[in-house]
Amino acid sequence: MGRWTNPTGASPEVGKEQALTTIDARSPVPKYFQLREILLDLIENELTVDAPVPSERELAARYGLSRMTARQAVEHLVSEGRLYRVQGKGTFVARPKIDMPLRLTSFTEDMRARGLTPGSRDLGRHEIEATVALGRELSVEAGSPVYVIERLRTADGVPMALERSHIPAHLAPDLLTESLVERSLYDLLASYGLVLDRGEQVIEAGIADSNDAGLLGLAPGSAVLLLQRHCWAGSVAVEYAVSTYRADRYQLRASLDIASAAPGGTK
Ligand code: GLP
Numbered sequence: 001m002g003r004w005t006n007p008t009g010a011s012p013e014v015g016k017e018q019a020l021t022t023i024d025a026r027s028p029v030p031k032y033f034q035l036r037e038i039l040l041d042l043i044e045n046e047l048t049v050d051a052p053v054p055s056e057r058e059l060a061a062r063y064g065l066s067r068m069t070a071r072q073a074v075e076h077l078v079s080e081g082r083l084y085r086v087q088g089k090g091t092f093v094a095r096p097k098i099d100m101p102l103r104l105t106s107f108t109e110d111m112r113a114r115g116l117t118p119g120s121r122d123l124g125r126h127e128i129e130a131t132v133a134l135g136r137e138l139s140v141e142a143g144s145p146v147y148v149i150e151r152l153r154t155a156d157g158v159p160m161a162l163e164r165s166h167i168p169a170h171l172a173p174d175l176l177t178e179s180l181v182e183r184s185l186y187d188l189l190a191s192y193g194l195v196l197d198r199g200e201q202v203i204e205a206g207i208a209d210s211n212d213a214g215l216l217g218l219a220p221g222s223a224v225l226l227l228q229r230h231c232w233a234g235s236v237a238v239e240y241a242v243s244t245y246r247a248d249r250y251q252l253r254a255s256l257d258i259a260s261a262a263p264g265g266t267k
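The numbering of the sequence shown is full-length UniProt numbering, which starts it at 1 and goes up by one.
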């Protein structure tokens, strides 16, 4: 059993067993950061999701730190999404974030690939007339009919994202009457011969408003990732989607290539 593992769920006792590591007072690394590393090691190697972490008082006593330093380390990990607090109960290990796919994949496909069960709650579907701006996004004339499909996407029943897809109505005339509760939108589009083969996505940081926060199970003002996606099937613009993803559940991972010298740049 791990050093801090406590099957009773009560706050683990500090000091009874040997600590993972100690704080080096002579190190140039700030003490709160050293404690953050110790806690990260615990989170990754010893504790399970939703397990309690020692209180700030216990951490301060164990590592010979001030309460303020212990709090700083814990707060850092809370803001990184590695820990979460429950008012009056303590601080617990958060579920690890998942990498946002940077490929043209559907939510259904992505969740299944991770061994999670995808789900959808229908938040509304309607037909609108494209404004000039929406028409530009979908390469249709202003005033053209466009379907809007709003869904809450879930993984194993847990809200992950809100997605608002806009699709030119003439491309998939019966789209609004088809059930999407258990079906993938991209599969449905494929049944109309619209096999998506190119996409572009912009991802920005954002703050959830009270409506979106409520649907996503977040406190209003929580951080989210705002996505805008354009997808094409050949030369046909099929989907313009505006989505809000939980920033406490998703992270971005990118591989970095060595920058090649810009043409005409200095050597
Ligand atoms: C992703 C995209 C959405 C797209 C959805 C389709 O989540 N961000 O723009 O609408 O996939 O998912 P599915 O085919 O599972 O309905």
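Glycine included, every Cβ here is placed at the ideal spot set by N, Cα and C.
How would you write the range of the beta strand (DSSP E) that residue i sits in, first residue to last?
| i | result |
| --- | --- |
| TYR186 | Careful: TYR186 lies outside any beta strand (DSSP E), inside the alpha helix (DSSP H) at 185–191. |
| ARG246 | 236–246 |
What is the DSSP secondary structure of residue i, counted as helix, strand or coil?
| i | result |
| --- | --- |
| PRO145 | strand |
| LYS27 | Here residue 27 turns out to be Ser, not Lys, going by the sequence shown. Residue state, collapsed to three classes: coil. |
| LEU134 | helix |
| SER210 | helix |
| LEU171 | helix |
| GLU178 | coil |
| GLY15 | Unreliable positioning characterises GLY15 in this predicted model, as indicated by a pLDDT of 44, which lies under 50. The coordinate reading is nonetheless provided below. Residue state, collapsed to three classes: coil. |
| THR108 | helix |
| LEU256 | coil |
| ASN6 | Below a pLDDT of 50, predicted positions are generally treated as unreliable, and ASN6, at 40, falls in that range; no measurement from the model is reported. |
State the start and end residues of the unbroken alpha helix (DSSP H) segment that holds residue i.
| i | result |
| --- | --- |
| GLU127 | First-last for GLU127: 118–129, but that is the beta strand (DSSP E), not the alpha helix (DSSP H). |
Given 6 Å as the limit, tell me if residue i has its C-beta closer than that to any heavy atom belonging to ligand 1.
| i | result |
| --- | --- |
| ARG196 | First, the residue type needs correcting, since residue 196 is Leu and not Arg in the sequence shown. Result no, Cβ not under 6 Å from ligand 1. |
| TYR147 | no |
| TYR186 | yes |
| SER243 | yes |
| GLU200 | no |
| residue 268 | With the chain represented from 1 up to 267, any question about residue 268 goes unanswered, as that position is not in the structure. |
| GLU163 | yes |
| SER106 | yes |
| ARG249 | no |
| ARG125 | no |
| ARG112 | no |
| ARG229 | yes |
Return the bridge partner residues of residue i from the DSSP annotation.
| i | result |
| --- | --- |
| GLU204 | LEU226 |
| ARG114 | Paired residues: none, contrary to the question. |
| GLU150 | GLY124, ARG164 |
| ILE98 | TYR250 |
| PRO159 | THR154 |
| ARG198 | TRP232 |
Minimum length 3: unbroken beta strand (DSSP E) runs contained in the UniProt domain "HTH gntR-type" (29–96): Counting only runs of 3 or more, we get 83–86, 90–93.
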